[in-house]
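Residue numbers (the working numbering), protein chains in the order written: chain A, 1476 to 1662; chain B, 5 to 316.
The beta carbon of each residue, even a glycine, is placed where N, CA and C say it ideally should be.
Small disclaimer: the values here were computed from a predicted structure and weren't measured.
Right, here's the structure in full:
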């Protein structure tokens, strides 16, 4: 009887010990699997972060490229160009047309850039913003200014021409200016 | 005894079962995320290419030149989808998207890119590896925009009995898929464009182009004629409507300029002509209505040329 009880106790103990070993193995395996999963997740996150940082750079580069190529040809677009109003001039911006354009809300999104400015270089009138009253003595025409994150600007030299009147004589006045285009940072 | 043996044969320990389930889950997740990553990569490349195509057309803006040409080749065969939306915003939108061939099926790659200041004239889908673009400015009566004509190197356009002006222009462009028939033969499968009553794919009359049994009307300089030749009727009509919206805005800029110059002493005979031209242009939604404002445009051009101060 005593033997029987001892045997039963021993077998119970043996059962628990086997069970524990099994549980340990399962725990080990699950830890291992979790570690492997975590490793792959971290590698994945690292790859994604690397990829998306590259993507942001690509987006910025494309926007800068857009601004750079746009500035080189913007003077020829119908909203800016002199056409034949001042004779056949290339890279000529019609100041009177641009002043009308500057007040238009319709063109906010049209050129796909953040800012377009025309800065007079000669004569240099500093940062005095142009309006209809100070037209001749101002130094900066803000054609377009959107309140967005911006990228470095691109610029080109242009002739800024307008009609002037002196002693009842109407003549063309052209000044040297810089057309500055700033792209939008969409990242 | 046998019964017990059989049961043991089928028994899988919990450890194995657990490993199989978790292992399968990990493999499934790995495949799922890899596929997603490949798709994201494809979308990114597609979007970059689409944006690049749009940006590359910036230098096609013409100054005093009558037309400009350029071409680009992509590493894979692609389809460029040209979509025109004349309802969004004030100027409507030019949208382009791409798809590439994968396992003999066309799959859309990348996002749709839209531009307000571009006008692409082509079929709804243009397929190929090498694409030719040429641009020409549209004047009505002042410069409105540079129209961009997009064609694939797989399509050859043969101009039959074309007027001297067109022949000269096509020869000067030296674009390899545009041929003037007379100098050379039209290759097999080439799209024929006749300027008389010949049996051709496209027929050009004095103020309209007949294509797919539809009449696409053009006015102004011959830029719109090329536009009608190279684009599908739907794209053409939509772009004409967008161009008229821009015409209206530019006319209104000239109206403001006229007021400014009047204050400075310039005299004009326009009176309210520019403003009414602007209003009329805004209402044009189809090429068949272009002739309604053609006379007004010509009239404005004459008045401008006779004026003391030139507006354009």
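| Item | Value |
| --- | --- |
| Short of 7 Å Cβ to Cβ, which residues in the segment 250-278 of chain B face chain A? | 253, 254, 257, 260, 261, 264, 265, 268, 269 and 270 |
| What does residue 93/B reach in chain A if we use C-beta pairs closer than 8 Å? | 1584 |
| Mind reading off the beta-carbon distance from residue 157/B to residue 130/B? Whole number of angstroms is fine, and I expect it under 8 Å. | At roughly 10 Å, the Cβ-Cβ gap does not stay under 8 Å, so residue 157/B and residue 130/B are not in contact. |
| Starting from the N-terminal side, write out each stretch of the alpha helix (DSSP H) that is 4 residues or longer and does not extend beyond the segment 1540-1597 of chain A. | 1570-1577 |
| In this structure, does DSSP put residue 22/B in helix, strand or coil? | helix |
| Which same chain residues end up closer than 8 Å to residue 1599/A when comparing Cβ atoms and leaving out the 5 residues on each side of it in sequence? | 1614 |
| Can you grab the Cα-Cα spacing for the pair residue 1507/A / residue 1587/A, in whole Å? | 52 Å |
| On the three-pair Cβ rule with 8 Å, is the segment 1600-1607 of chain A touching the segment 1625-1645 of chain A? | no |
| According to the Cβ coordinates, are residue 1428/A and residue 1656/A closer than 8 Å? | This structure cannot settle anything about residue 1428/A, because the visible part of chain A is limited to 1476 through 1662. |
| By the DSSP assignment, the beta strand (DSSP E) with residue 1618/A in it spans what residues? | 1615-1620 |
| Show which residues of chain B have a CB atom less than 8 Å away from the CB atom of residue 1511/A. | 30 |
| Measuring only the C-alpha atoms, how far is residue 117/B from residue 106/B? | 22 Å |
| Given a threshold of 16 other Cβ atoms within 10 Å of its Cβ, counted over all protein chains shown, does residue 266/B qualify as buried or as exposed? | exposed |
| Indicate whether residue 294/B and residue 180/B have their beta-carbon atoms separated by less than 8 Å. | no |
| Give me, in chain order, the residues of the same chain whose beta-carbon lies closer than 7 Å to that of residue 1501/A; leave out the 5 immediate sequence neighbours on both sides. | none |
| Helix, strand or coil: how does DSSP classify residue 1636/A here? | strand |
| Verify whether the separation of the beta carbon atoms of residue 301/B and residue 248/B is less than 8 Å. | no |
| If I follow the unbroken beta strand (DSSP E) through residue 138/B, where does it start and stop? | 129-143 |
| Can residue 1590/A and residue 1554/A be called in contact, C-beta distance under 8 Å? | no |
| Just reading off the alpha helix (DSSP H) that residue 176/B is part of, what are its end residues? | 168-177 |
| Taking only the alpha-carbon atoms, compute the straight-line gap between residue 38/B and residue 1512/A and give it to the nearest angstrom. | 14 Å |
| I think residue 184/B touches residue 174/B, with their Cβ atoms under 8 Å apart; what is that distance to the nearest whole Å? | 5 Å |
| Which stretch, first to last residue, makes up the beta strand (DSSP E) that contains residue 154/B? | 147-156 |
| Please return the same chain residues whose Cβ sits closer than 6 Å to the Cβ of residue 191/B, not counting the five positions on each side in sequence. | 160 |
| Please classify residue 160/B: does DSSP put it in a helix, a strand, or coil? | coil |
| Which chain A residues are close to residue 148/B, counting only those with a beta carbon under 8 Å from its beta carbon? | 1553 |
| Determine, for residue 78/B, whether the minimum Cβ-Cβ distance to residues of chain A falls below 8 Å. | no |
| With a Cβ-Cβ cutoff of 8 Å, do residue 145/B and residue 273/B count as a contact? | no |
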